[in-house]
């Protein structure tokens with residue numbers, strides 16, 4: 093049975109029990125039946141949460157759960173996971189807000205925040221019967237100490253459920269405060285362990301706080317700087333660990349001071365000297381890659397990210413700072429995409445102070461996108477061959493390939509070092525995205541031919557084969573994710589001058605052309621006409637969606653003299669072999685574009701221009717093409733997918749839709765014979781914004 097089905101069934105049972113409790117129905121009999129009939133530990137977790145919701149049931153049917161020591165230890169682990177990152181919410185990130193809110197309410201319910209040991213102690217303090225019960229449990233648990241996985245935790249549990257270890261104090265308010273007072277030997281041990289635990293927790297939480305301060309989510313008032321400085325100093329004195337937590341904390345603290353309070357550092361040269369010394373120490377120390385660490389690893393509170401941001405701050409203040417240039421270069425050409433993204437985004441914020449160095453950082457990122465791709469390909473091929481070598485029939489040939497790919501990996505590693513040195517020396521060479529792709533595709537294919545020699549040999553074309561229905565997408569020759577991270581700051585609305593606007597538009601067009609260049613018919617079809625039903629194999633990826641999202645925002649913000657139509661002309665002229673990408677653009681246009689337009693009128697004007705362009709294009713004419721994909725792209729163009737929510741449901745678009753009747757009339761004449769398109773219009777016609785189109789709409793249909 094699928095574990096997801098089991099989970100849903102258990103949650104349904106738990107929900108029903110809660111509804112019965114809320115209706116003030118006694119569920120004792122149902123709990124007794126479950127306890128008697130089931131053997132799965134999963135039910136124990138469910139019933140423990142029910143008991144936390146209504147503790148009185150622990151006095152009856154659920155009492156045996158309180159007598160099982162391991163449940164307390166497991167509950168403690170689950171409680172810690174819920175506090176740090178509620179895994180139950182992970183699957184809901186892309187669901188509608190209403191469903192996500194319901195899931196959050198379920199997984200973060202108040203009763204789930206209580207520890208089972210806290211509930212047990214609460215019952216013990218209020219019931220002589222439960223005091224006796226836990227005394228009997230303690231005797232049994234002491235016999236389990238020798239074989240327990242967590243004897244320390246079990247010993248603490250035994251003392252927590254001993255009434256003799258609680259002290260009552262009368263308060264001025266007339267209330268009585270009861271607190272747990274462990275035996276003296278345990279108290280000393282617990283205090284020592286608490287200090288260590290506090291230090292360990294600080295190593296984890298402090299870098300996260302630093303990230304929040306750097307990102308503007310949290311303030312660091314001047315009055316708190318002394319304590320903040322003391323925390324950095326204390327972390328620096330702790331022993332380094334394999335995960336690099338100490339480095340994370342020190343680098344994060346220094347980055348915060350350089351970014352948010354540089355004047356405080358400058359006021360005492362000794363502070364700045366110490367910070368620079370620590371940055372140099374962290375940068376020079378070898379940091380082993382963590383297990384299960386990948387370029388895509390989420391988390392921007394690592395030492396590498398903080399070092400890079402510190403470097404950007406230092407470089408903004410002194411362009412001649414060689415060490416700062418080295419830190420910035422390492423941040424741009426980083427192992428983690430997130431580090432590249434944070435480095436470039438901060439550089440964009442400080443672009444006025446950085447001057448030409450910001451452009452050099454963009455050039456470095458473009459070159460790094462090629463080297464990163466080749467490094468990852470060679471590492472991947474090398475790993476494959478090494479895993480397969482024991483099963484190879486020709487071990488000598490396998491060893492030769494391994495040696496060749498190892499040499500290629502070292503070559504790209506050296507190329508990265510050369511890129512870093514070039515930026516540090518201020519000699520980064522110019523390169524366009526088009527040039528990067530040309531270089532990258534050649535090198536990517538060369539690497540692939542080492543791993544798969546047959547790729548380099550021309551294959552005979554079989555004349556009896558039918559024409560291809562799908563064509564392989566061309567290789568970009570670059571690491572998409574590096575470019576996405578490096579240019580994530582692109583935003584036409586945040587520019588400060590006409591020159592910056594032009595630069596953002598040009599860069600956006602270059603990224604768009606890079607995507608579209610991979611969607612041309614493959615070399616296998618270059619001597620043939622692309623058939624009506626030929627198409628690019630696969631679907632748009634994250635990078636495609638990101639580029640189209642940027643293009644949609646730029647079109648929405650661009651002035652007429654900035655020729656925004658040049659961008660969507662390219663997309664709508666792709667041809668129906670790339671229909672999935674045309675459709676993906678309209679997803680972004682009717683979600684991102686519609687919400688960033690200055691007004692409904694501005695959005696409708698650009699949208700009308702797109703429809704008019706498609707009406708004038710032979711590739712969008714049903715009489716000129718028999719492609720089965722034409723109705724899909726027209727359906728998206730006319731807003732019958734995402735536009736149904738963003739436009740049709742919004743009354744403020746009613747006036748502009750009414751003004752679009754002439755162009756929509758032409759669209760109806762051209763495309764409403766296609767069932768999917770006509771159906772999409774009919775569905776939209778019942779929505780509020782389409783009220784003004786009802787009469788002409790009936791005629792069109």
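Residue numbers (the numbering used here): 93 to 793.
Even glycine gets a Cβ: it sits at the ideal position worked out from N, Cα and C.
Pair within 8 Å by beta-carbon distance, residue i and residue j
| i | j | result |
| --- | --- | --- |
| residue 724 | residue 669 | no |
| residue 408 | residue 467 | no |
| residue 157 | residue 172 | no |
| residue 721 | residue 671 | yes |
| residue 406 | residue 413 | yes |
| residue 520 | residue 452 | yes |
| residue 501 | residue 474 | yes |
| residue 291 | residue 330 | yes |
| residue 238 | residue 299 | no |
| residue 399 | residue 374 | yes |
| residue 477 | residue 490 | yes |
| residue 707 | residue 758 | yes |
| residue 305 | residue 295 | no |
| residue 470 | residue 539 | yes |
| residue 646 | residue 632 | no |
| residue 266 | residue 168 | no |
Top-ranked residue by Cα proximity to residue i, from the options
| i | options | result |
| --- | --- | --- |
| residue 712 | 742, 661, 683 and 681 | 661 |
| residue 523 | 567, 578, 458 and 498 | 458 |
| residue 394 | 360, 340 and 779 | 340 |
| residue 388 | 201, 579, 694 and 431 | 431 |
| residue 160 | 604, 453 and 233 | 233 |
| residue 242 | 165, 215 and 777 | 165 |
| residue 584 | 654, 540 and 381 | 654 |
| residue 651 | 637, 296, 677 and 690 | 690 |
| residue 512 | 463, 479 and 495 | 463 |
| residue 666 | 680, 611 and 649 | 611 |
| residue 715 | 683, 673, 425 and 762 | 762 |
| residue 515 | 419, 707, 435 and 602 | 419 |
| residue 530 | 645, 608, 569 and 496 | 569 |
| residue 275 | 483, 750, 566 and 258 | 258 |
| residue 282 | 664, 308, 707 and 247 | 247 |
| residue 461 | 155, 441, 575 and 631 | 575 |
| residue 509 | 138, 423 and 326 | 423 |
| residue 365 | 382, 346 and 376 | 346 |
| residue 325 | 285, 369, 354 and 308 | 369 |
| residue 198 | 107, 187, 115 and 155 | 107 |
Integer Cβ distance of residue i from residue j, believed to fall under 8 Å
| i | j | result |
| --- | --- | --- |
| residue 745 | residue 692 | 5 Å |
| residue 209 | residue 249 | 6 Å |
| residue 695 | residue 686 | 6 Å |
| residue 637 | residue 675 | About 11 Å; that fails the 8 Å criterion. |
| residue 779 | residue 750 | Not confirmed; about 14 Å, so no contact. |
| residue 659 | residue 729 | The pair is not a contact, with the Cβ atoms about 15 Å apart (cut-off 8 Å). |
| residue 381 | residue 335 | Incorrect: roughly 11 Å between the Cβ atoms, too far for contact. |
| residue 371 | residue 402 | 6 Å |
Own chain, CB closer than 8 Å to residue i, minus 5 neighbours either side, in chain order
| i | result |
| --- | --- |
| residue 268 | 260, 261 and 262 |
| residue 99 | none |
| residue 253 | 209, 212, 213, 216, 226, 229 and 230 |
| residue 134 | 98 and 102 |
| residue 338 | 295, 327, 328, 330, 331 and 332 |
Close Cβ partners of residue i (< 7 Å) along its chain, the five nearest in sequence each way excluded
| i | result |
| --- | --- |
| residue 153 | 120, 123, 124 and 127 |
| residue 582 | 596, 599, 600 and 642 |
| residue 755 | 700, 703 and 704 |
| residue 251 | 257, 274, 275 and 278 |
| residue 113 | 119, 145 and 146 |
| residue 777 | 785, 786 and 789 |
| residue 174 | 204 |
| residue 565 | 610, 611, 628, 629 and 630 |
Beta-carbon proximity list for residue i, same chain, < 6 Å, skipping 5 on both sides
| i | result |
| --- | --- |
| residue 255 | 223 |
| residue 683 | 734 |
| residue 328 | 342 |
| residue 363 | 357 |
| residue 206 | 144 |
| residue 440 | 581 |
Chain C within 8 Å of residue i, Cβ atoms only
| i | result |
| --- | --- |
| residue 656 | Looking for chain C here will not work: only one protein chain is present. |
Exercise. At which residue ranges does the region 403–468 contain complete alpha helix (DSSP H) runs of 4 or more residues, listed in the order of the chain?
Worked result: 414–424, 429–441 and 443–446
Exercise. Taking only runs of the alpha helix (DSSP H) that begin and end inside the region 311–384, which ones reach a length of at least 4 residues, in chain order?
Worked result: 317–329, 337–352, 354–358 and 361–376
Problem set entry | Uninterrupted alpha helix (DSSP H) stretches inside the region 562–637 (no shorter than 4 residues) | 572–578 and 590–609
Exercise. Can you give, in chain order, each stretch of the alpha helix (DSSP H) that sits fully within the region 111–169 and has at least 4 residues?
Worked result: 120–129, 133–145 and 155–158
Exercise. Which runs of the beta strand (DSSP E) fall wholly inside the region 642–668 and span at least 3 residues, in chain order?
Worked result: none
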